[in-house]
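> Protein chains in written order, with the numbering used here: chain A, 1 to 280; chain B, 281 to 636.
Starting off with a structure, shown below.
Structure (structure tokens):
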């Protein structure tokens with residue numbers, strides 16, 4: 001059995017009466033590129049937000065490297081409202097704030113780019129290193145962390161060089177063209193030294209050629225940084241080309257999973273994407 | 281290294297200039313009032329900027345924290361022999377020791393920081409407007425507590441605190457405020473400062489990058505309050521007496537106004553605008569408040585309180601048309617100034633060339 005780095009177990013996220021993610025279970029193995037696809041509003045980003053700790057799931061458990069990082073069961077108001085399955089399966093509650101989860105080694109990018117707009121490209125990457133620095137506010141203020149700071153700056157410079165962003169290092173992040181902003185966001189995520197990288201629609205708004213470059217880029221960074229990549233994407237050519245396995249969500253429910261070829265021929269997936277004829 | 285020298289030399293020159301001015305001009309000159317109060321308000325404005333401009337926490341509790349600083353300083357430094365007359369309604373008070381001035385100034389910073397930490401625990405969970413309302417409320421609560429009769433033996437109730445050591449030379453507030461502002465600048469340029477700015481720009485992204493929101497907000501709030509406390513102590517020394525009553529919300533708004541005029545996120549902007557603001561309110565615009573006659577003609581509108589009307593209009597103009605303030609988020613430096621004039625002269629030359 002291959003070692004799984006991320007395991008989601010019976011994840012349910014219910015907002016009021018609406019179930020955004022319904023009993024989702026999936027596994028991401030070490031060194032894989034796994035894609036999560038589905039029509040708009042299928043609950044893909046919600047699933048990501050649960051993994052990264054932005055949302056607290058209503059029910060279910062998420063394991064990272066074999067350790068439970070998020071676990072919950074319907075509590076409080078949700079106790080009565082909950083309409084999902086596996087109600088009593090996870091009596092334990094484990095909560096981690098997003099920054100702790102990032103520290104454990106899960107980095108992410110956002111669907112609508114979230115760079116620090118007023119900061120420079122270089123500062124954007126440096127912030128990702130903040131949590132990894134051995135320092136406190138006094139040593140930082142009085143520059144006693146000089147060596148640490150120098151090392152981190154060097155690391156960030158080489159990271160920017162690899163991403164071909166070095167010549168833009170002192171530009172404000174918001175002045176970058178769209179494609180480069182995406183690239184900077186990935187660079188920033190890489191700077192947190194992750195084991196697992198979550199990419200939320202990295203190719204959104206890109207033309208076919210840019211998408212192709214992105215596909216190459218993703219494979220490249222995966223090999224280079226020994227990463228596992230879990231991505232959400234709508235560009236099917238990108239997904240089919242680079243992913244090892246695909247999970248398909250529709251209305252919060254997992255409707256299919258398998259290798260790209262299987263998914264392409266799966267009738268349920270085709271129905272979900274194209275709709276089913278009324279009289280059929 | 282060269283950059284450090286470039287900033288240190290003008291600062292040294294400034295201090296020498298102040299020293300010389302003090303020897304030449306009479307001590308009662310209006311200039312010194314402006315310089316003293318301006319230096320103190322610079323510190324207060326910069327510490328507010330650290331919170332509002334750099335960390336993006338819109339806090340309006342400044343007056344309350346200044347009050348804590350001012351009272352701590354006053355209570356700790358009133359000489360023993362003066363205590364019976366100051367605390368005349370409370371049998372000389374219960375604090376029967378006196379601390380040296382510098383120790384008391386640092387103590388007032390620490391006391392303010394500790395109280396701010398405790399207040400921050402519940403209220404830093406709030407965001408934007410709600411945080412502003414909560415801090416404003418706490419400032420009023422602090423003022424009310426310090427006026428409370430039952431605490432009289434410590435705070436002298438709502439009576440004046442006086443006879444504590446004060447400064448005469450303008451160099452004193454400049455040195456203390458200068459040191460504090462230097463520390464704030466160092467903090468802002470450090471890794472923590474970057475994290476603060478990240479929180480300001482995008483909380484969710486900052487958290488996703490591993491910045492612990494609660495910890496960093498608490499840190500910014502506590503550190504800012506430490507310097508506000510020191511600013512309060514300086515203000516007490518400047519005023520020579522301390523009473524809780526004038527530390528109202530309007531004091532916070534004055535400082536907020538300075539920060540906004542100077543530019544949210546610019547230290548030098550805050551300093552510049554605080555001197556400008558104090559000079560206007562204490563000196564240059566004072567004539568607006570006086571009823572004036574030219575010959576037998578009474579100048580219309582000039583009457584007590586008109587200055588505030590003018591100020592309000594200025595605020596509205598700034599907020600409507602010049603929202604980024606004097607400096608925006610840029611910092612003042614000789615380099616930038618030089619470049620600015622260079623560009624201007626190039627433009628001028630170009631214009632002349634075209635004219636030819």
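Think of the CB as a built atom: it goes at the ideal place given N, C-alpha and C, for glycine as much as any other residue.
Owing to the predicted nature of the structure, the values given are computational and were not obtained by experimental measurement.
1) Would the region 57-69 of chain A count as touching the region 257-266 of chain A if we require 3 or more Cβ pairs under 8 angstroms?
2) Kindly indicate the opening and closing residues of the alpha helix (DSSP H) around residue 401 of chain B.
3) Put residue 265 of chain A into one of helix, strand or coil per three-state DSSP.
4) Quick check: the region 333-349 of chain B against the region 509-517 of chain B, are there 3 or more CB pairs under 8 angstroms?
5) Considering only residues of the same chain and omitting the five flanking positions on each side of residue 267 of chain B, which have a CB-CB separation below 7 angstroms?
6) In angstroms with no decimal places, state the Cα-to-Cα distance between residue 451 of chain B and residue 316 of chain B.
7) Between residue 285 of chain B and the rest of its own chain, which residues show a CB-CB distance below 6 angstroms, the 5 nearest in sequence each way excluded?
8) Using the three-state DSSP reduction, which class does residue 228 of chain A fall into: helix, strand or coil?
9) Which stretch, first to last residue, makes up the alpha helix (DSSP H) that contains residue 286 of chain B?
10) Pairs of beta-carbons, one from the region 426-443 of chain B and one from the region 540-549 of chain B, closer than 8 angstroms: are there three or more?
11) Using a Cβ distance threshold of 8 angstroms, determine whether the region 564-571 of chain B contacts the region 586-601 of chain B, with at least three qualifying pairs required.
12) Compute the Euclidean distance between the alpha carbons of residue 442 of chain B and residue 388 of chain B, then round it to the nearest angstrom.
13) Quick one, which residues of the region 282-295 of chain B are near chain A if we go by CB-CB under 9 angstroms, in chain order?
14) Run down chain A in chain order and give the residues with a C-beta less than 9 angstroms from the C-beta of residue 478 of chain B.
15) When DSSP builds the beta bridges, which residues end up paired with residue 13 of chain A?
16) On a CA-only basis, which of B/304, B/303, B/577, B/533 is nearest residue 557 of chain B? Give me that one, please.
17) Do three or more CB pairs link the region 394-412 of chain B to the region 497-508 of chain B at distances below 8 angstroms?
18) Taking 8 angstroms as the cut-off, does the region 232-244 of chain A touch the region 202-222 of chain A (at least 3 CB pairs, one atom from each stretch)?
19) Would you mind telling me which residues of chain A sit closer than 7 angstroms to residue 499 of chain B, beta carbon to beta carbon, in chain order?
20) DSSP three-state label for residue 260 of chain A, please.
21) Which first and last residues belong to the alpha helix (DSSP H) in which residue 99 of chain A is found?
22) Between which residues of its own chain and residue 230 of chain A is the CB-CB distance below 6 angstroms, once the five residues before and five after are set aside?
23) For the beta strand (DSSP E) containing residue 67 of chain A, list its first residue and its last residue.
24) Whose C-alpha, out of A/86, A/110, A/108, A/50, is nearest the C-alpha of residue 74 of chain A?
25) Could you check whether the Cβ of residue 576 of chain B sits closer than 8 angstroms to any Cβ belonging to chain A?
26) Tell me where the beta strand (DSSP E) around residue 522 of chain B begins and ends.
27) Do residue 546 of chain B and residue 538 of chain B come within 8 angstroms of each other at the CB atom, strictly closer than that value?
28) Give the DSSP-derived three-state secondary structure of residue 280 of chain A in the structure shown.
29) Have a look at residue 527 of chain B and residue 320 of chain B and give me their C-alpha separation to the nearest angstrom.
30) I'd like to confirm the pairing. Which residues does DSSP put opposite residue 32 of chain A in its beta bridges?
31) Examine the Cβ distances between the region 195-211 of chain A and the region 179-186 of chain A and report whether three or more of them are shorter than 8 angstroms.
32) Below 8 angstroms on the Cβ atoms is my contact criterion, and I expect residue 374 of chain B with residue 445 of chain B to pass it. Report the Cβ-Cβ distance as a whole number of Å.
33) For residue 357 of chain B, I'd like the list of residues in its chain whose CB is within less than 7 angstroms of its CB, leaving aside the five on either flank, ordered along the chain.
34) With 8 angstroms set as the bound, which would you pick, yes or no: does the beta-carbon of residue 188 of chain A sit closer than that to a beta-carbon of chain B?
If we stick to the structure as given:
1) Result no; under three Cβ-Cβ pairs closer than 8 angstroms.
2) Residue 401 of chain B sits at position 121 when you count from the first residue of the second chain. For residue 401 of chain B, the enclosing alpha helix (DSSP H) starts and ends at 381-403.
3) Sequence index remark: in the first chain, residue 265 of chain A carries index 265 (1-based). Helix.
4) Enough Cβ pairs lie closer than 8 angstroms, so yes.
5) With chain B represented from 281 up to 636, any question about residue 267 of chain B goes unanswered, as that position is not in the structure.
6) Indexing the second chain from 1 puts residue 451 of chain B at position 171. Indexing the second chain from 1 puts residue 316 of chain B at position 36. Cα to Cα, the separation comes out at about 8 angstroms.
7) Numbered from 1 along the second chain, position 5 holds the residue referred to as residue 285 of chain B. If we look at residue 285 of chain B and ignore the five residues flanking it on each side, it has no Cβ neighbours.
8) On the first chain, residue 228 of chain A is found 228 positions in, with the first residue counted as 1. It is a strand residue.
9) Mapped onto the second chain, residue 286 of chain B falls at position 6. DSSP places residue 286 of chain B in the uninterrupted alpha helix (DSSP H) bounded by 282-304.
10) The region 426-443 of chain B is not in contact with the region 540-549 of chain B.
11) Counting Cβ pairs under 8 angstroms, three or more are found: they touch.
12) Your numbering for residue 442 of chain B matches position 162 in the second chain. Your numbering for residue 388 of chain B matches position 108 in the second chain. Cα-Cα distance, rounded: 16 angstroms.
13) Those would be none; no residue qualifies.
14) Start at 1 with the first residue of the second chain, and residue 478 of chain B comes out as number 198. One finds 116, 119, 123, 124, 127, 130 in chain A with Cβ atoms closer than 9 angstroms to the Cβ of residue 478 of chain B, taken in chain order.
15) Numbered from 1 along the first chain, position 13 holds the residue referred to as residue 13 of chain A. Partner(s): A/21.
16) To locate residue 557 of chain B, count along the second chain from 1; it is residue 277. That would be B/533, whose Cα lies nearest to the Cα of residue 557 of chain B.
17) Touching, yes, given that three or more Cβ pairs across the two stretches are closer than 8 angstroms.
18) With the cut-off at 8 angstroms, the region 202-222 of chain A and the region 232-244 of chain A touch.
19) If you number the second chain from 1, residue 499 of chain B lands on position 219. 137, listed in chain order.
20) Taking the first chain and counting its residues from 1, one reaches residue 260 of chain A at position 260. DSSP places residue 260 of chain A in helix when its eight states are reduced to three.
21) If you number the first chain from 1, residue 99 of chain A lands on position 99. Start and end: 98-104.
22) Translated into positions along the first chain, residue 230 of chain A becomes position 230. Excluding positions up to five away in sequence, the list reads 28, 34, 198.
23) Within the first chain, numbered from 1, the residue matching residue 67 of chain A stands at position 67. Looking at the DSSP string, the run of the beta strand (DSSP E) that includes residue 67 of chain A is 67-72.
24) In the first chain, the residue the question calls residue 74 of chain A occupies position 74. The closest CA to that of residue 74 of chain A, considering only A/86, A/110, A/108, A/50, is found on A/86.
25) Here residue 576 of chain B refers to the residue found at position 296 of the second chain. Not one chain A Cβ lies under 8 angstroms of residue 576 of chain B.
26) The residue you call residue 522 of chain B lines up with position 242 of the second chain. It is not in any beta strand (DSSP E) - residue 522 of chain B carries neither H nor E in the DSSP assignment.
27) Position 258 of the second chain holds residue 538 of chain B. Position 266 of the second chain holds residue 546 of chain B. No, Cβ-Cβ distance for residue 538 of chain B and residue 546 of chain B is not below 8 angstroms.
28) On the first chain, residue 280 of chain A is found 280 positions in, with the first residue counted as 1. Unreliable positioning characterises residue 280 of chain A in this predicted model, as indicated by a pLDDT of 48, which lies under 50. A coordinate reading is not provided.
29) The residue you call residue 527 of chain B lines up with position 247 of the second chain. The residue you call residue 320 of chain B lines up with position 40 of the second chain. Cα-Cα distance, rounded: 15 angstroms.
30) Taking the first residue of the first chain as 1, we reach residue 32 of chain A at position 32. Among the bridge pairs identified by DSSP, residue 32 of chain A is matched with none.
31) Segments in contact, yes.
32) In the second chain, the residue the question calls residue 374 of chain B occupies position 94. In the second chain, the residue the question calls residue 445 of chain B occupies position 165. The beta-carbon separation of residue 374 of chain B and residue 445 of chain B, rounded to 21 angstroms, does not stay under the 8 angstroms limit for a contact.
33) Translated into positions along the second chain, residue 357 of chain B becomes position 77. Hits under 7 angstroms: 378, 379, 381, 384, 444, 445.
34) For this step, residue 188 of chain A is matched to residue 188 along the first chain. Chain B, which has a Cβ nearer than 8 angstroms to the Cβ of residue 188 of chain A, makes this yes.
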